[in-house]
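Report on the following structure.
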Amino acid sequence: IGLGVTSSSPPAPPARGAMSLSVTDNRTGKRIEVPVIDGTIPAVSLLSISDEPLRVYDPGLRNTATARSGITYIDGDAGILRYRGYGIEDLCEKASFLEVAFLLVHGELPSATELSEWEFGVMSHTFVHEDMFALLRTFRYDAHPMGMLVAATAALSTHHPDANPGLQGDGLFDDPAVVNKQIYRLLGKLPTIAAATWRHRVGRPYNYPTSVGSASAGSDGENAKRSWTANFLKLLDKLPGDSYEPHPDLVRALDVVFILHADHELNCSTAAVRHVGSAGTDPFCAVAAGCAALYGPLHGGANEAVLRMLAEIGSADKVPQFLADVKARKRKLMGFGHRVYKNFGRSLYVGGRRMWSCRAAVHMGLRDGELVMVVQ
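In our numbering, the protein residues as written are 21 to 396.
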């Protein structure tokens, strides 16, 4: 897709002896040398400085690294977000979500052949067992979709015992083919489940996804080459007997949203997945833990709070009064201020994002005042 990896020259190596910290315990006068590796120090190094237990206390992991990763680079002060070295603005302009997903998993953008195989692998796992829909129907009519998603994702574990190390034994995921199959399953089935949880909330029958293979594949006989994002929109909005096809502008706008949210380093939900997965849990239960973290209002739930705030404001002419109430501490302004991002840089303001948001808003039938709020 014609993208270039952003790289920078490595800094010159420091002089010998500069790769450590000298730490002195003022209680005892004991001094130790703590190695500095890639800008970090091993926390266990501090164990040798004192006969009494000495711990690093860091609530919220504000200055603690728990993993080494080359997937995402974030410079919040400069407003930079890169996936595997590619600038987020370039990916949003030129790539699809599934291309970006391949990039995140495999480290490189796919060739045409690799992309075709990847898309086939994902889209051939979009169907769920009928028991999954039966499970979802047992929830209350007003159940929150995220609560349903957490339960349904964990339930996938019981549908796929072949992916459970507790049942299949250690070393299960040493086989790349087994790993890839679970990636296909999660990417393929979660849109089907997520759409069903929303339709449950609004009292509509669940939709079946697009299949792969012939042009007439799928329960509705529609073209099976619908993209992953277009398939998700169809799962959300198609009514019985309707030949609904989402508008390309809506598909592209949502694709950009998915790309922007694809990975943000070791955030709360990612940490939850890694923490649970470290116990040898199957990937579905581990991802369910990530969904549970995402449900929280201080994480993914913040997006829902923004939408509720915009609905409450209603139109652009009411924004000044709302902001006045915020300044008077009568209201909360959701969606502004971030623990990592401190700069409204070009990577966080993708030029095409405004265009696609505007186009999508028009196709969604928003009123002029609502459209102004979306564009602003």
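Each residue gets a CB set at the ideal place from its N, CA and C atoms; glycine is no exception.
Comparing alpha carbon positions, the residue from T173, T212, R246 and L74 closest to S136 is R246. Bounds of the alpha helix (DSSP H) holding T173 are P165 to H179. Here S131 is exposed, its C-beta having fewer than 16 other C-beta atoms within 10 Å.
Under DSSP, R224 forms no beta bridge with any residue. A distance below 6 Å between beta-carbons, with the five flanking residues on each side excluded, links P55 to the following residues of its chain, in chain order: S40. When DSSP assignments are scanned along the stretch 65 to 142, the uninterrupted stretches of alpha helix (DSSP H) that are 4 or more residues long and fall wholly within it turn out to be 108 to 114 and 117 to 126.
The DSSP-derived three-state label of S40 is strand. Contact annotation: the stretch 81 to 101 touches the stretch 278 to 292, with at least three C-beta pairs closer than 8 Å. Counting along the chain, I52 sits inside the beta strand (DSSP E) bounded by residues R51 to P55. Between A291 and V271, the C-beta spacing is not below 9 Å. A contact between stretches requires three or more CB pairs, one per stretch, nearer than 8 Å, and the stretch 310 to 329 fails this requirement with the stretch 115 to 133.
S177 and S42 have their C-alpha atoms some 49 Å from each other. By the CB criterion at 9 Å, T158 and L210 fall outside the cutoff.
Between the stretch 93 to 104 and the stretch 72 to 85 there are fewer than three inter-stretch CB-CB distances shorter than 8 Å, so the stretches are not counted as touching. In the DSSP assignment, P185 falls within the unbroken alpha helix (DSSP H) covering P185 to Q188.
Scanning I279, G167 and A197 for the CA closest to the CA of G316 turns up G167. Annotated as proximal: L207 and L118, with beta-carbon spacing under 9 Å. By alpha-carbon distance to E324, the top candidate from G261, L353 and F147 is L353. Proximity of the stretch 251 to 258 to the stretch 212 to 229 meets the contact definition, three or more beta-carbon pairs being nearer than 8 Å. With respect to G310, V326 sits apart: the two C-beta atoms are not nearer than 9 Å. Comparing alpha-carbon positions, the option among P181, A63 and A171 lying closest to Q202 turns out to be P181. Note on geometry: alpha-carbon atoms of Y161 and I333 lie some 27 Å from one another. The criterion of a C-beta distance shorter than 9 Å is not satisfied by A216 and L259. Around the beta carbon of L280, 16 or more other beta carbons lie within 10 angstroms, which makes this residue buried.
Per the coordinates, the alpha-carbon of A183 lies some 14 Å from the alpha-carbon of H145. The continuous alpha helix (DSSP H) containing D269 extends over residues P268 to L280.
For T249, the secondary structure class from DSSP, reduced to helix, strand or coil, is helix. Taking all protein chains in view, the Cβ of D110 is crowded by 16 or more other Cβ atoms within 10 Å, so the residue is classified as buried. Checking the DSSP bridge columns, you'll see T60 partnered with I57.
C-alpha of A312 to C-alpha of D275: approximately 23 Å in a straight line. Spanning the alpha carbons of D269 and V277 requires a straight line of approximately 12 Å. For the set D302, G59, K50 and I108, the Cα lying nearest the Cα of L187 is the one of D302. The beta-carbon separation of R221 and P266, rounded to 20 Å, does not stay under the 8 Å limit for a contact.
The three-state secondary structure of N200, taken from DSSP, is helix.
Within the same chain, and ignoring the five residues on either side of D345 in sequence, the residues whose Cβ sits closer than 6 Å to its Cβ are R351.
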